[in-house]
Amino acid sequence: MRQAIHSFKYQNLKGLAPTLGQLLFNYWKANPLPAQVVVPVPLHQHRLRYRGYNQSALLAQELGQLTSLPVVDKALLRTTNTPPQAQATTAAQRRSNIKEAFLCQKGLEGKAVLLIDDVCTTGATLEACALALKEAGATSVWGLTLAREL
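So this is what it looks like as structure tokens:
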């Protein structure tokens, strides 16, 4: 799984999105979460230009098709160009790195959100995104990732 995610994220293997999206769907189907919309964790515009795509958005699109849940791709905006979370060595650094880095720019008032990312290490990114979504009126935010790194 580590190699697949690394290739998907850093080696431009976007063709892995359907297979990885199917894995997310299989988990979601066995462990349903009460979501009304799917929202990907965004990349900052600089990183998006550099990489050429947002891996979380590709996963969200795949999951949205399989679940028939609408995907709100531009709901969150990454307002701060933070260093990659993979470069932070402690949970405290990860939380500090990502604090207040997201803004919810689309109204999701009253919606239960399924937040999609590729990997969860400390949960700092998911937590920062969830805070922005809740501040914008989401009733609940559930995080779903391909892998949990310990």
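Per this note's numbering: the sequence shown ends with 163, consecutive numbering throughout.
Where is the CB? At the ideal position from N, CA and C, for every residue including glycine.
In the displayed model, residue 28 falls within a helix according to three-state DSSP. Rounded to the nearest whole angstrom, the CA to CA distance from residue 34 to residue 105 is 30 Å.
If you check the CB distance, residue 52 and residue 144 do not come in under 8 Å. By the criterion of a C-beta distance shorter than 6 Å, residue 125 is surrounded in its chain by 47, 48, 49, 152, 153, once the five residues flanking it on both sides are discounted. The closest CA to that of residue 121, considering only 137, 85, 130, is found on 85. A direct Cα-to-Cα measurement between residue 132 and residue 31 gives close to 17 Å.
Under DSSP, residue 50 shares a beta bridge with 126. Per DSSP, the continuous beta strand (DSSP E) segment holding residue 159 begins and ends at 153 to 161. Counting of Cβ neighbours within 10 angstroms places residue 161 among the exposed residues, the total staying below 16. In this structure, the CA atom of residue 15 is about 10 Å from the CA atom of residue 159.
By the CB criterion at 8 Å, residue 139 and residue 115 fall outside the cutoff. In the three-state reduction of the DSSP assignment, residue 56 falls in the coil class, being assigned neither a helical nor a strand state. Taking 8 Å as the upper bound for CB-CB distance, residue 71 and residue 37 are not in contact here, some 11 Å apart. Taking 8 Å as the cut-off, the Cβ atoms of residue 149 and residue 117 count as close.
A check of alpha carbon separations from residue 40 across 25, 79, 119 identifies 79 as the nearest.
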